[in-house]
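Accompanying notes for the structure given below.
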Amino acid sequence: MSPASYDAPFVTFEGIEGSGKTTQLRRLSAHLAAKNVPHIVTREPGGTPLADEIRKLILIPREETVFPETELLLYEAARAQHVRGFILPAILAGRAVLCDRFCDATTAYQGHSRGIAASVVEALNRFAAGGLLPDLTLLFDLAPETGFARIARRGRTPDRIERESLEFHRTVREGYLRLVDAHPGRVVRIDAAVPEEEVFQSVLRAVAQRFGW
Ligand code: Z5A
Numbered sequence: 193m194s195p196a197s198y199d200a201p202f203v204t205f206e207g208i209e210g211s212g213k214t215t216q217l218r219r220l221s222a223h224l225a226a227k228n229v230p231h232i233v234t235r236e237p238g239g240t241p242l243a244d245e246i247r248k249l250i251l252i253p254r255e256e257t258v259f260p261e262t263e264l265l266l267y268e269a270a271r272a273q274h275v276r277g278f279i280l281p282a283i284l285a286g287r288a289v290l291c292d293r294f295c296d297a298t299t300a301y302q303g304h305s306r307g308i309a310a311s312v313v314e315a316l317n318r319f320a321a322g323g324l325l326p327d328l329t330l331l332f333d334l335a336p337e338t339g340f341a342r343i344a345r346r347g348r349t350p351d352r353i354e355r356e357s358l359e360f361h362r363t364v365r366e367g368y369l370r371l372v373d374a375h376p377g378r379v380v381r382i383d384a385a386v387p388e389e390e391v392f393q394s395v396l397r398a399v400a401q402r403f404g405w
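Each residue of the sequence shown is one higher than the one before, starting from 193 at the first, in the numbering used here.
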């Protein structure tokens, strides 16, 4: 499945937790709504009833060790359902898709940070997504210390992945930054350490250049 075969853009939002990607996704959605651009917003893991159930299984803190291989397969199972049940039907109906996390998250978290071989992650990403690739990926780059401080201010109970060490999240960030070099045409780094409005201006520049939004 090549993105060029579809009319509606598929845009993904990536970054470590607290990087502000969900905030920016919502702002872009409001901007598109004001311009009457048909689109949907969604997130991973999740996006369909079954994928949302898998999300709960993955993120709930538990006593039992969750092995990296198990975690990887659960993310991919949710993705397989999400792509076929929600993302592709929207794209085929001409609606742009704004998605909070996608395959690059698996590459950074389960691949780079958990240490599963890149070739395995790549093959499973391709299989689960049916070869679907984003047209544009916005990577909100931030030091994990700053992301942690933002999340702490939010006051929510941390999920299983949020409980990982600062070192784990540093490696995730490093994994993400490698993707900017590996896919320069698709992955755009956005400085997420500046005020929200400034970040949004960078988002607008990136999508205006690419899609004329
Ligand atoms: N995961 C994985 O391991 N493998 C995979 O394949 C996939 C996911 C798909 C999903 O968690 C977890 O699954 C995630 C990766 C893993 N775990 N981690 N870590 P999630 O969806 O529940 O959570 P999240 O994706 O990490 O996002 P988040 O916690 O909602 O954070 P965010 O989207 O980056 O940030 P935000 O909600 O927009 O903002 C956070 C706070 O900062 C909020 O109070 C904002 O008002 C504030 N904020 C936003 N922007 C700014 C600026 N510019 N300055 C100051 N404050 C700001």
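Even for Gly, the Cβ is constructed at its ideal location relative to N, Cα and C.
Item to check | Neighbourhood of R493 by C-beta, 6 Å cutoff - its chain only, sequence neighbours within 5 removed | outcome: A question about residue 493 goes unanswered here, because the residues of the chain that appear run from 193 up to 405.
Item to check | 6 Å Cβ shell around R352 - same chain, five flanking residues per side excluded | outcome: L251, P253
Next on the checklist: Once the 5 residues before and after I208 are set aside, which same chain residues still bring their CB inside 7 Å of it?
Outcome noted: L334, P336, G339, H361, V364, R365
Checklist entry - For the beta strand (DSSP E) that H231 lies in, which residues bound it at each end? => result 231-235
Checklist entry - Bridge partners of R381, per DSSP? => result L331
Checklist entry - Mind checking K227: buried by the 16 CB within 10 Å criterion, or exposed? => result exposed
Item to check | Short Cβ contact (8 Å threshold) for I279 with C291 | outcome: yes
Checklist entry - Mapping DSSP to helix, strand and coil, what is D244? => result helix
Item to check | Nearest neighbour of F202, chosen from V386, A344, T329 [CA to CA] | outcome: T329
Next on the checklist: For a quick check, are the C-beta atoms of E268 and A300 less than 8 Å apart?
Outcome noted: no
Item to check | Endpoints, the beta strand (DSSP E) within which A288 is located | outcome: 288-292
Checklist entry - Would you say the beta carbon of P387 comes nearer than 7 Å to a heavy atom of ligand 1? => result yes
Item to check | Own chain residues within Cβ distance below 6 Å of V379, not counting five before or after | outcome: T329, L331, L371, V372
Next on the checklist: Suppose you measure from the CA of R346 to the CA of K213; what does that come to, to the nearest Å?
Outcome noted: 15 Å
Checklist entry - Between the C-alpha atoms of Q273 and A341, what's the straight-line distance to the nearest angstrom? => result 33 Å
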